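Chemist:
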Amino acid sequence: MIDVLYIKGPCSQNYDEEMKYSLRSLEKYVSDYGRVFITGDRPLFVNKDKVVHTLEQDIGVPTINHWWKVRQTIKNTDISQRFVLMYDDIFFVKPTKLENYPAYHKGKLEDKTFEGFYRKSCGMAYYWLNEHGYETKDYELHIPFVYDRDKFLELDKIFDKIKDKQDGMVVRSIYGNMFESDSPLRKDIKIRKSDVGVEQVIGDADCFSVSDWVFCNNVHPWLKAHFKERSIFEK
């Protein structure tokens, strides 16, 4: 069994409906999850007795908040040695085991331009990795990712130096290129257009994700139809 960590910011523009269905999909399709941890804001629908909740505030830009909330979870809880990072907009669609989930990548960080905040964070990671002699694979897929407690804490010496800056670095790609050697290539499945349906994109994938601004169009109705049963994590 392996613990699962959701890092959360404030309530989403969809009133945390994404996380409700992410948890329902986790319960339905993942056979080897242990405890569920939520670090950050706990959605109102979540039963506090069914999760391990740590109230941790954001301290900077999104990539720094990622590092900080995972770090604080490790420091302040007994989350398993290896654990799964989840996002509230990841939905499983077939039976999945997470304990040995591959550290997938989607190509090279330098394959795209570094324009815009997110891509600039990818660029900062690329320059750091290149300067320090690491590969520059892009691990920023919208899928689960397995971290090791001890290895993750080694990132402190990197991110503590930049935590107050406006330019962060993508965390998964720093971690993946430092610590993962067997990394299969995978396509990222995230619905970003309102005229694209779930069935059109999932194919044989085990999960998919969706952008906030198109969630209510085709995806929310699909999730409601496929995950009708309340999960144990709901009040």
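So the number in our numbering is just where the residue sits in the sequence shown, counting from 1, plus 164. Positions of the beta carbon are idealized from the N, C-alpha and C atoms, including for glycine. In this text, all values refer to a predicted model and were calculated from it rather than measured experimentally.
1. Can you tell me whether residue 386 is buried or exposed, with buried defined as 16 or more other CB within 10 angstroms of its CB?
2. Can you name the residues that DSSP bridges to residue 197?
3. Below 8 Å, can you find three or more Cβ-Cβ pairs linking the segment 169-184 to the segment 204-224?
4. Check whether the Cβ atoms of residue 261 and residue 196 sit closer than 8 Å, and answer yes or no.
5. Am I right that residue 409 and residue 302 are in contact with their C-beta atoms under 8 Å? What's the rounded C-beta distance?
6. Can you name, in chain order, every residue of its own chain whose Cβ lies under 7 Å from the Cβ of residue 274, other than the five neighbours on each side?
7. Which partner residues of residue 281 appear in the DSSP bridge assignment?
8. Does residue 231 pass the burial test, meaning 16 or more other C-beta atoms within 10 Å, or should it be called exposed?
9. Pick out the complete beta strand (DSSP E) segments inside the segment 346-376, 3 residues or longer, and give them in chain order.
10. Span of the alpha helix (DSSP H) holding residue 235?
11. Considering only C-alpha positions, which residue in the set 218, 252, 258, 228 is nearest to residue 239?
12. With DSSP collapsed to three states, give me the class of residue 326.
13. Assign residue 333 to one of three DSSP states: helix, strand, or coil.
14. Mark residue 173 as exposed unless 16 or more other C-beta atoms lie within 10 angstroms of its C-beta, in which case mark it buried.
15. From the DSSP output, which residues share a beta bridge with residue 216?
16. Thinking just about the alpha-carbon of each residue, which of 221, 171, 193 is nearest to the one in residue 215?
17. Sorry if obvious, but does the Cβ on residue 217 come closer than 7 Å to a heavy atom of the ligand ADP?
Modeler: From the atom records:
1. Answer is buried; the Cβ neighbour count reaches 16.
2. 166
3. yes
4. With contacts defined by Cβ atoms closer than 8 Å, residue 261 and residue 196 form a contacting pair.
5. Outside the modelled stretch of the chain, which goes from 165 to 399, sits residue 409, for which no answer is possible.
6. 290, 300
7. Bridge partners of residue 281 according to DSSP: none are assigned.
8. By the beta-carbon neighbour count (other beta carbons within 10 angstroms, threshold 16), residue 231 is buried.
9. The segment 346-376 contains these whole beta strand (DSSP E) runs: 371-374.
10. Unbroken alpha helix (DSSP H) run through residue 235: 226-240.
11. 218
12. Coil, per DSSP.
13. coil
14. exposed
15. 201
16. 171
17. This structure simply doesn't include the ligand ADP, nor any ligand for that matter.
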